[in-house]
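Structure first, then comments.
In the working numbering, the protein residues as written are 1 to 99.
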């Protein structure tokens with residue numbers, strides 16, 4: 001098998017990561033991963049192999065950075081929602097004592 005399937009998989013991931021607002025679908029990522037691993041298993045490890053490895057590692061770093069960003073956003077949202085919940089509890093408590 002040629003390295004064309006690996007290049008196609010990497011192109012696909014680069015396309016996804018080039019759109020910052022794009023949400024990553026777990027089913028789509030799972031399918032991509034299976035396709036990528038299959039392509040790697042059957043790849044020719046010829047002269048272009050080192051460049052493909054560098055490219056794949058760079059994409060992995062970009063994906064990890066994207067994931068870290070999403071986790072930070074999730075944690076900030078969770079903190080904000082928890083503060084709303086505390087505020088609501090305080091308002092309820094104030095309402096029962098003010099009567």
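Glycine included, each C-beta is placed from N, C-alpha and C at the ideal position.
In chain order, 10 place their CB closer than 6 Å to the CB of residue 55, counting only its own chain and leaving out the 5 sequence neighbours on each side. With respect to the C-alpha of residue 17, the residue from 3, 65, 74 and 33 having the closest C-alpha is 65. In the displayed model, residue 33 falls within a helix according to three-state DSSP. Assignment of residue 55 by DSSP, reduced to helix, strand and coil, places it in the helix class.
In this structure, the alpha-carbon of residue 82 lies about 48 Å from that of residue 50. The C-alpha of residue 85 is placed about 10 Å away from the C-alpha of residue 91. By the CB criterion at 8 Å, residue 59 and residue 6 fall outside the cutoff.
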